[in-house]
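For reference, the structure is listed below as structure tokens.
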Amino acid sequence: MEMEKVNEHAAAFNALNLDRGLCVGKGASGEVFLASSRDDVSRKCAVKIFDLVKDNRCHEWGFINEVDVLKELRHPRIVSLLAYLGSPRHGYIVLKYYPKGSLEKSLGALKPPQVLGYIRDIGEALEHTHSRGIFHQDIKPANVLVDEEDRAVLCDFGLSGQLKNGNTKVTRWVTTPGFQGPETKTGQAMCPYKMVE
339 MEMEKVNEHA AAFNALNLDR GLCVGKGASG EVFLASSRDD VSRKCAVKIF DLVKDNRCHE
399 WGFINEVDVL KELRHPRIVS LLAYLGSPRH GYIVLKYYPK GSLEKSLGAL KPPQVLGYIR
459 DIGEALEHTH SRGIFHQDIK PANVLVDEED RAVLCDFGLS GQLKNGNTKV TRWVTTPGFQ
519 GPETKTGQAM CPYKMVE
């Protein structure tokens with residue numbers, strides 16, 4: 339089984355014309371690896387690998403959902419989707435790489451002006467997603483990256499949802515325990531959106 343996984347990963351990175359590097363992150367839905375282009379090793383990217391058969395295939399939904407959402411969202415404060423690939427057992431999402439990593443790593447050392455800047459940046463990202471009827475559902479320091487200009491970039495849209503059938507409010511919310519708002523616990527409808535025509 340392990341050799342099959344290794345072979346599948348090798349075939350996927352080959353198809354994407356990438357060389358796989360070190361693991362730079364792990365989450366509930368998969369692992370993130372640093373990779374470089376075979377045409378230019380200085381061009382780095384991050385490859386998020388989903389195990390599509392784990393947990394009764396719920397990660398397959400997360401992979402498909404994240405790809406669909408990122409294809410729709412193009413904004414400087416939202417992680418950029420570069421490519422994606424599905425195989426029988428794994429999903430691969432190729433994303434822009436941010437060498438500074440996430441806010442989770444530097445949370446204790448942040449100064450108030452930085453925090454305010456990051457809040458503004460995430461507000462811009464959320465305004466963009468909300469205008470398209472998309473809600474992230476998992477805002478936390480581990481899902482906020484920092485770019486080369488010290489600006490915040492929102493990532494990890496695997497749990498995100500999308501308003502449908504003319505709905506303007508979210509009534510069901512799924513997020514990491516400890517990061518949900520008080521409205522979530524009381525079951526109130528929240529987050530009114532002005533939909534883009």
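Residue numbering for the sequence shown follows our numbering, starting at 339 and increasing by one per position.
Think of the CB as a built atom: it goes at the ideal place given N, C-alpha and C, for glycine as much as any other residue.
Owing to the predicted nature of the structure, the values given are computational and were not obtained by experimental measurement.
Looking only at C-alpha atoms, which of the options sits nearest to residue i?
i, options, result
"Phe-371", "His-468, Gly-429, Leu-464 and Glu-342", "Gly-429"
"Leu-441", "Arg-427, Ile-457 and Pro-426", "Ile-457"
"Lys-434", "Phe-388, Phe-517, Ser-367 and Cys-493", "Cys-493"
"Val-362", "Gln-475, Ile-387 and His-474", "Ile-387"
"His-466", "Asp-389, Asn-355, Ser-374 and His-413", "His-413"
"Ser-469", "Leu-360, Pro-451 and Gln-500", "Gln-500"
"Arg-489", "Gly-461, Glu-398 and Asp-389", "Gly-461"
"Glu-487", "Ser-425, Ile-477 and Gly-439", "Gly-439"
"Pro-479", "Gly-471, Pro-426, Pro-450 and Val-491", "Val-491"
"Asp-476", "Asp-389, Asn-345, Asn-355 and Ser-367", "Ser-367"
"Cys-383", "Tyr-422, Ile-472 and Val-453", "Tyr-422"
"Phe-473", "Phe-401, Asn-345, Lys-443 and Gly-496", "Gly-496"
"Phe-401", "Gly-424, Gly-471 and Ser-444", "Gly-424"
"Thr-312", "Asn-345, Gln-452, Gly-365 and Val-453", "Outside the displayed range of the chain (339 to 535) lies residue 312, so it cannot be described from this structure."
Alpha carbon to alpha carbon, how far is residue j from residue i? Give it in angstroms, no decimals.
i, j, result
"Ala-328", "Ile-431", "Nothing about residue 328 can be reported from this structure: the residues present for the chain run from 339 to 535 only."
"Leu-448", "Gly-455", "11 Å"
"Ile-416", "Arg-358", "23 Å"
"Lys-392", "Val-512", "19 Å"
"Leu-420", "Gly-446", "31 Å"
"His-347", "Asn-481", "24 Å"
"Ala-349", "Lys-409", "24 Å"
"Glu-342", "Arg-376", "23 Å"
"Val-385", "Glu-340", "19 Å"
"Asn-403", "Ser-498", "7 Å"
"Pro-426", "Asn-352", "16 Å"
"Asn-289", "Ser-374", "The structure shown has nothing for residue 289, since the chain only spans 339 to 535."
"Gly-471", "Ser-418", "19 Å"
"Pro-450", "Lys-443", "16 Å"
Looking at the structure shown, is residue i part of a helix, part of a strand, or coil, going by DSSP?
i, result
"Ile-402", "helix"
"Ala-366", "coil"
"Val-379", "coil"
"Lys-386", "strand"
"Phe-517", "coil"
"Phe-371", "strand"
"Leu-423", "strand"
"His-428", "strand"
"Leu-492", "strand"
"Leu-408", "helix"
"Val-344", "helix"
Would you grab the beta carbon distance between residue i and residue j for me? Rounded to a whole angstrom, and I think it's under 8 Å.
i, j, result
"Tyr-436", "Val-484", "6 Å"
"Asp-389", "His-397", "6 Å"
message: Quick check for students: name the residue ranges of the alpha helix (DSSP H) that lie wholly in the segment 432–478, counting only runs of 4 or more.
response: 450–469
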